[in-house]
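Numbering (my numbering), first residue to last: 253 to 448. Worksheet: one structure, shown below.
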């Protein structure tokens, strides 16, 4: 790979990783029914609206699920993979394979985002349990759909909430499944975003 190609890949990967982060967060905001008036929610909306609004005219949501965000995330993955192989190998990869890899990588990226958010929830519960900072409020809202099912099974005991621990365990199981799928499909980690 030439120096120019390496620079192009670096820039492409960085920008794609950042934009895909916003797209996944937009999907999570809707699933969690988070506060869209939160300033950080507004930032996510402003970044993703230029592409999502036109797509939603063609692709409606189903049962409250933002299908347009999912499709946009996968389109981004396929486009990134296509450009990666074009720049590095001057060739085109099978888009069907790129789509499968994109699904796996997007799920893994979502898992990583959830892990970071959960760490923030845990740390803030000790450091600033009563904080209403916009970021902390939003992160708690985003993680509530993951934590709540476990809280129903394992209610807080003595002021300690062990449900987050079981969410971490569940995400670990998801990681094992995704790694297995990646190996089975021959996933090229350099050709996708979110499989670090």
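Every residue, glycine too, gets a C-beta built ideally from N, C-alpha and C. As the structure is a computational prediction, the values presented were derived from the model and not from experiment.
Same chain, Cβ closer than 6 Å to residue i, neighbours up to 5 away in sequence not counted
i, result
"residue 415", "399, 402, 403, 406"
Burial state of residue i (16 or more Cβ within 10 Å)
i, result
"residue 362", "buried"
"residue 315", "exposed"
"residue 258", "exposed"
"residue 341", "exposed"
"residue 360", "buried"
"residue 350", "buried"
"residue 279", "buried"
"residue 266", "exposed"
"residue 357", "buried"
"residue 420", "exposed"
"residue 332", "buried"
"residue 256", "exposed"
"residue 305", "exposed"
"residue 379", "exposed"
"residue 317", "exposed"
"residue 457", "Residue 457 lies beyond the residue range present for the chain, which begins at 253 and ends at 448; the question has no answer from this structure."
"residue 263", "exposed"
According to DSSP, residues forming a beta bridge with residue i
i, result
"residue 317", "314"
"residue 409", "412"
Expected contact under 8 Å - CB spacing of residue i and residue j to nearest Å
i, j, result
"residue 364", "residue 446", "7 Å"
"residue 370", "residue 409", "Incorrect: roughly 19 Å between the Cβ atoms, too far for contact."
"residue 381", "residue 283", "Actually they do not touch by this definition, with Cβ atoms about 25 Å apart."
"residue 274", "residue 254", "At roughly 31 Å, the Cβ-Cβ gap does not stay under 8 Å, so residue 274 and residue 254 are not in contact."
"residue 352", "residue 441", "Wrong, their Cβ atoms sit about 14 Å apart, outside the cutoff."
"residue 435", "residue 286", "Actually they are not in contact, since the Cβ atoms of residue 435 and residue 286 sit about 34 Å apart, beyond 8 Å."
Close-in-space but distant-in-sequence residues of the same chain around residue i (CB under 7 Å, 5 per side omitted)
i, result
"residue 272", "325, 328, 361, 445, 446"
"residue 344", "334, 337, 338"
"residue 387", "292"
"residue 355", "326"
"residue 303", "324"
"residue 391", "369, 372, 373"
Heavy atom of the ligand NAP within 8 Å of residue i beta-carbon
i, result
"residue 367", "Summarising the ligand content, the structure contains no ligands, and the ligand NAP is consequently not present."
8 Å CB neighbourhood of residue i in its chain, flanking five on each side removed
i, result
"residue 374", "416"
message: With a threshold of 8 Å, are at least 3 pairs of Cβ atoms found where one atom belongs to the segment 424-433 and the other to the segment 309-327?
response: no
message: Across the segment 287-297 and the segment 315-325, are there enough close Cβ pairs to call them in contact, namely three or more that are closer than 8 Å?
response: no
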